[in-house]
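Taking numbering that gives the first Met the number 0, the leading residue of the sequence shown gets 0, the next gets one more, and so forth. Virtual Cβ for every residue (Gly too), placed ideally from N, Cα, C. Note that the structure is a prediction, hence the values are computed from the model and not measured. Inspection log for the structure reproduced underneath, given as structure tokens.
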Amino acid sequence: MTRIAFIFGLSAALFPSLFVGATGADPQFDSPTSVLSTKEGIVYAMGAPIPEYPPIDNPILSLDQILQPYSGPIVVDQKNENIYNKVMTGYQGWFGHKDDGYNFGERHWGKILDDPPRCTVDLWPDMSELDDDEKYLTNFKYPDGTPGMVFSSRNKKTVVRHFKWMREHNIHGVFKQRFGARFVNNKGNYYESADDLQVLSHVREGANRYGRLFALMYDVSFNAATVDGMIEDWKRLYHKMRITETPAYMRHRGGPVVTFWGYVDKTRDWDPVAAEKLFKFFKDPANGG
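Structural data, given as structure tokens:
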């Protein structure tokens, strides 16, 4: 029987103890020269070099396009039976720029186009490996007068590149965060938007192309309105986008993994009745439970 596996995160500091096992290395990294094979259109690499696919384009996706089941290249490069012995990262995917085609502005970079500009990040990104169509202008300048450039999480080429880097550096995958504000408005009503979902679509493609893993992490409050929105959101992702139906979606004990950040966190709204409703929903076999 398929069962959804729940993981609760109250702090990023918990991740190493939860997901990095202490009982030896992943066999994937012990035998990096395994034979490459293909079956039913899926490439089984298991550490071997993977095929070079055509260059990634960067289309502006509509909501309907985003919500389609995955049909791109698939590489299986590691066992996906449980969360043990996995090096996983959080992946917020929340950076944006007014020129990335989605009209959500310079999200999470700060006022990088103001004069004078200011930023809200601790470290400036190294853009040296990115192509010109992945770079977005700011009003910051280097000492030689060269303008500082940033990336956008809504650029598919960039997100897929991140998964290429993960494979090169033995990172198994990511928890793609899904924020409540992306599907519940300030009146507490559920709404549909391409905002953030295009990043999830890019994450799914990057993980499948490079044999990485991903799972959804809801970073939300647990009040009644948000729980209702989360239920509607998962229905859409599970039944329409079919987000769990590729080898790249992380599994544990036979079921897809769904993670929650902020559960009973004192800074978040929390309603035990709503929380019980949420878990009953996820445990329903019709919803992956």
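Proximal residues to residue i (C-beta, below 7 Å), its chain only, five neighbours per side dropped
i      : result
Asn79  : Leu212, Pro246, Met249, Arg250
Glu191 : Leu62
Arg117 : Gly109, Lys110
Pro124 : Val149, Phe150
Thr137 : Ile111, Leu112, Pro116, Pro146, Gly147, Met148, Val149
Asp143 : none
His171 : Gln77, Lys85, Val86, Met87, Arg211, Leu212
Lys313 : There is no way to answer for residue 313, as the model of the chain reaches only from 0 to 288.
Nearest residue (CA-CA) to residue i, options the options
i      : options                        : result
Tyr74  : Thr137, Glu244, Tyr209         : This sequence places Val at residue 74; Tyr is not what is there. The candidate whose alpha carbon is nearest that of Val74 is Tyr209.
Ile41  : Pro48, Arg241, Gly71           : Gly71
Asp264 : Asp218, Leu199, Tyr237         : Asp218
Glu167 : Asp76, Pro53, Leu60, Phe259    : Asp76
Ile82  : Gln64, Ile230, Ala214, Trp164  : Ala214
Pro58  : Asp132, Glu244, Lys186         : Asp132
Val256 : Thr119, Gln176, Lys186         : Gln176
Glu51  : Asn188, Ile242, Asp121, Arg160 : Arg160
Tyr189 : Met229, Asn102, Gly172, Asn207 : Met229
Phe139 : Thr119, Gly254, Ala44          : Thr119
C-beta contact flag for residue i and residue j at 8 Å
i      : j      : result
Asp232 : Phe182 : yes
Ser151 : Asp194 : no
Gly89  : Phe174 : yes
Val202 : Gly92  : yes
Phe162 : Gly205 : yes
Lys239 : Leu60  : no
Val198 : Arg153 : yes
Tyr141 : His96  : no
Pro54  : Glu244 : no
Nonlocal neighbours in the same chain, by C-beta distance under 8 Å from residue i, ignoring five residues either side
i      : result
Phe28  : At Phe28, the pLDDT of 37 sits below 50, so the modelled position is not reliable and the matter cannot be decided from this model.
Asp56  : Lys155, Lys156
Arg267 : Val219, Ser220, Phe221, Gly261
Arg235 : Leu66, Glu191
Range of the contiguous beta strand (DSSP E) that encloses residue i
i      : result
Phe174 : 172-178
Ile41  : 41-43
Phe139 : 135-140
Ala214 : 212-218
Thr88  : 87-90
Residue i - containing alpha helix (DSSP H), residue span
i      : result
Gly254 : Not the alpha helix (DSSP H): Gly254 falls in the beta strand (DSSP E), residues 254-260.
Leu62  : 62-65
Gly147 : No alpha helix (DSSP H) contains Gly147, which is instead part of the beta strand (DSSP E) from 146-149.
Gly228 : 223-234
Leu122 : Segment: none, Leu122 is in no alpha helix (DSSP H) and carries neither H nor E.
Ala274 : 271-282
CB contact below 8 Å: residue i versus chain B
i      : result
Lys155 : As a matter of chain content, chain B is missing from the structure shown, which is built from one protein chain.
Close-in-space but distant-in-sequence residues of the same chain around residue i (CB under 6 Å, 5 per side omitted)
i      : result
Ala223 : Asp270, Ala273
Asp301 : Given that the chain is displayed from residue 0 to residue 288, the structure contains no residue 301 and the question cannot be resolved.
Met0   : Caution is warranted here: a pLDDT of 45 is assigned to Met0, below 50, making its placement in the model unreliable, and no coordinate value can be reported.
Met165 : Arg211
Ser200 : Ile65
Ile242 : Leu236
Ala24  : Annotation note: pLDDT 36 at Ala24 (below 50); position unreliable, no value reported.
Asn102 : none
Problem - Whole runs of the alpha helix (DSSP H) within the stretch 154-210, excluding any shorter than 4 residues - result: 155-167, 196-208
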